[in-house]
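> Could you have a look at this structure, given as structure tokens, before my questions?
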Amino acid sequence: MIKKRVPASRSTVATKYAMAVSGLIMVSYLILHMYGNLKVFAGQEKFDEYSHHIRTFGEPILPYEGLLWIIRVALLASIVVHTWAAVTLWRRNRVASGYQGGKRYHTSKGARGFQRSYASFTLRWGGIIIILFVIYHLLHLTANVVAPGGASDSPYERVVNGFEIWWVTVVYTVAVLAVGLHLWHGIWSALTTLGQNYSSTRLRSRLTPLSWFVAAVITIGFLLPPWAILLGITG
Amino acid sequence: MKITVRIWRQKNAEAKGTMVSYELDEVDENMSFLEMLDVLNEKLTLEGEEPVAFDSDCREGICGTCGVVINGEAHGPEVTTTCQLHMRTFKDGDVIDIEPWRAGAFPVIKDLVVDRGAFDRIIAAGGYITAPTGSAPEANSTPVPKEDADRAFEAATCISCGACVAACPNGSAMLFTAAKVAHLGLLPQGQPERDSRVINMIEQHDAEGFGSCTNIGECTAACPKGIPLDVISRLNRDLMGALAKP
């Protein structure tokens, strides 16, 4: 069915630009966040000092926690834009792919596609898992309302108390793997949407190994502290 | 060879369709896929049944008229059009599922025939140049770098068959639209309308109800002409450039 034409600035491609930019903002944040996490290996004093310095960063030009709130607002805006774009396009694409009831094609052959990766297949559900995890994560380590292993004023102790419990580490591991899969396809997709792919296929593009590398670094970087704590290597 | 085909039968645009099985005993492995359907239709006609409706024209892989989803793959397992697929690709005793292109913007008219008018309207929105071209120009008056000429030609091989849409899990026609944008955008004749072209074609693409691109490349796996995936990135760049201008 033909609908009215919408200006190109509000087209599906423009919506993808918004999704790509907001996604890349969050990836940049993840790299900073990972750097902070790895300070756990430097011991309690260094870790807590780092946490304190984030709050006093830029003083006296910025107020106390000024930088932190700038980052928080930017991240919240990114999450809202990213989710809005995902939901808008997801709903549109379901109709566009001509589903009849629960099925598009009735054959049971080739239902999983021919060039899709597992990562691209799980992008949407993975996103939902990540959002639920982020809420839990903020309640746990930021607000400390949920405090498995005991609450503390020391960020270092919050982390160690939590990850000494096996199921906390397992929950974080599942979530971090979901993030890794999301980025495995997501970084490639964002850069391609922003016009940076110059290769005939996804696998031939230099963006693909770049995407895999960043996804792997972030995944491993985030998994190291909890597992080191659980296994008693640090903490 | 003996094969069983399961075909989507749908009386008209409004009717509810269903998969129907037919058995064929004497299929020659040198038959094209469409000839196999011709044989089936002759059999159905003799038996007084309604033949299966499907599109075809040149039957040599250059017009883009034919195209069905075979065992879940647009144009079947070979990288070619349905008419250039031969029965030797299949084995004796195979069960072959045949369905129409499935997309919101490609409504089924009957059986395996879908309405691809949406593609025509995307082209009409900007997939051309308005300069009068006259007869073939002097070859050396407007030099085109070899690489650009090759890439423009690669994009121009699109035959508008619609396999990219049928294969895309999002029902997006981005590869088709981008091939046209890349083809004209790479050549000097396409420059005056380069910005308005990408804007108008994307607006029409969306108005037709096609989905958005998620950059997974199913379209290029199905494309019988091997249109490269980077044409989509090129369209994204062009649109960004066009939107940035006042």
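Chains D and A are the protein sequences, given in the same order. First residue of the first sequence: -11, per this note's numbering; consecutive thereafter. First residue of the second sequence: 260, per this note's numbering; consecutive thereafter. All C-beta atoms in this analysis are idealised placements derived from N, C-alpha and C, irrespective of residue type, glycine included.
Which whole-angstrom value describes the C-beta separation of Arg104/D and Ile475/A, a residue pair presumed to lie in contact below a C-beta threshold of 8 Å?
Indeed they touch by this definition, with Cβ atoms about 5 Å apart.
> Any Cβ of chain D within less than 9 Å of the Cβ of Leu502/A?
yes
> For Asn300/A, which residues of its own chain have a beta-carbon under 8 Å away from its beta-carbon, when the five flanking residues on both sides are left out?
Pro310 and Val311
> Would you kindly report the start and end of the unbroken alpha helix (DSSP H) that includes Ser280/A?
In the DSSP assignment, Ser280/A falls outside any alpha helix (DSSP H) and within the unbroken beta strand (DSSP E) covering Thr277 to Leu283.
> Consider the Cβ of Ser188/D: report whether some Cβ of chain A lies at a distance smaller than 9 Å.
yes
> Would Ala2/D count as contacting chain A if we go by Cβ distances under 9 Å?
yes
> Whole angstroms are fine: how far does the CA of Gly220/D sit from the CA of Leu12/D?
34 Å
> Am I right that Val328/A and Trp360/A are in contact with their C-beta atoms under 8 Å? What's the rounded C-beta distance?
The pair is a contact, with the Cβ atoms about 7 Å apart (cut-off 8 Å).
> Going by C-alpha distance, which of Leu498/A, His442/A, Ala422/A and Ala503/A is nearest Ser(-1)/D?
Restricting attention to Leu498/A, His442/A, Ala422/A and Ala503/A, the CA atom closest to the CA of Ser(-1)/D is found in Leu498/A.
> On the three-state DSSP scale, how would you describe Glu332/A?
strand
> My understanding is that Ser188/D touches Pro487/A, with C-beta atoms under 8 Å, so please give their C-beta distance in whole angstroms.
3 Å
> Specify whether the region 175 to 186 of chain D and the region 8 to 26 of chain D touch according to this definition: at least 3 beta carbon pairs, one from each stretch, less than 8 Å apart.
yes
> Pull up the DSSP beta-bridge partners for Gln184/D, would you.
Answer is none; Gln184/D lacks a bridge partner.
> Considering only the beta carbon of each residue, do Val372/A and Phe313/A sit closer than 9 Å?
yes
> Quick one: which chain D residues come within Cβ less than 7 Å of Ile458/A?
Ala(-4)
> Thinking C-alpha only, which one of Lys275/A, Gly276/A, Thr277/A and Phe292/A is nearest Leu283/A?
Cα-wise, what sits closest to Leu283/A is Phe292/A.
> Measure from the alpha carbon of Thr401/A to the alpha carbon of each residue in Thr324/A, Gly470/A, Glu462/A and Gln448/A, then state which is nearest.
Gln448/A
> Using a Cβ cut-off of 8 Å, which residues of the region 160 to 189 of chain D contact any Cβ in chain A, in chain order?
His173, Trp176, Ser177, Thr180, Thr181, Leu182, Gly183, Gln184, Asn185, Tyr186, Ser187, Ser188 and Thr189
> May I ask you to list, following chain order, the residues of the region 97 to 129 of chain D that have a beta carbon less than 8 Å from some beta carbon of chain A?
Lys97, Gly98, Ala99, Gly101, Phe102, Gln103, Arg104, Ser105, Ser108 and Leu111
> Can you name the residues of chain D whose CB is closer than 9 Å to the CB of Gly468/A?
Met(-11), Ile(-10), Lys(-9), Arg80, Val83 and Ala84
> Using a Cβ-Cβ distance cut-off of 9 Å, determine whether Thr95/D contacts chain A.
So, interface residue.
> Whose Cβ in chain D lies nearer than 9 Å to the Cβ of Thr341/A?
Identification of chain D residues near Thr341/A by a Cβ-Cβ cut-off of 9 Å yields none; the smallest Cβ-Cβ distance measures about 15 Å.
> On the CB-based measure, 16 or more other CB atoms within 10 Å of its CB, does Leu171/D come out buried or exposed?
buried
> Counting only Cβ-Cβ distances shorter than 7 Å, please list the residues of the region 399 to 430 of chain A near chain D, keeping chain order.
Listed by position, the residues of the region 399 to 430 of chain A near chain D (Cβ gap below 7 Å) are Pro428, Asn429 and Gly430.
> Could you check what DSSP says for Ile357/A in three-state terms: helix, strand or coil?
strand
> Could you tell me which of Leu502/A, Ser431/A and Met295/A sits nearest to Ile491/A, measuring between CA atoms?
Ser431/A
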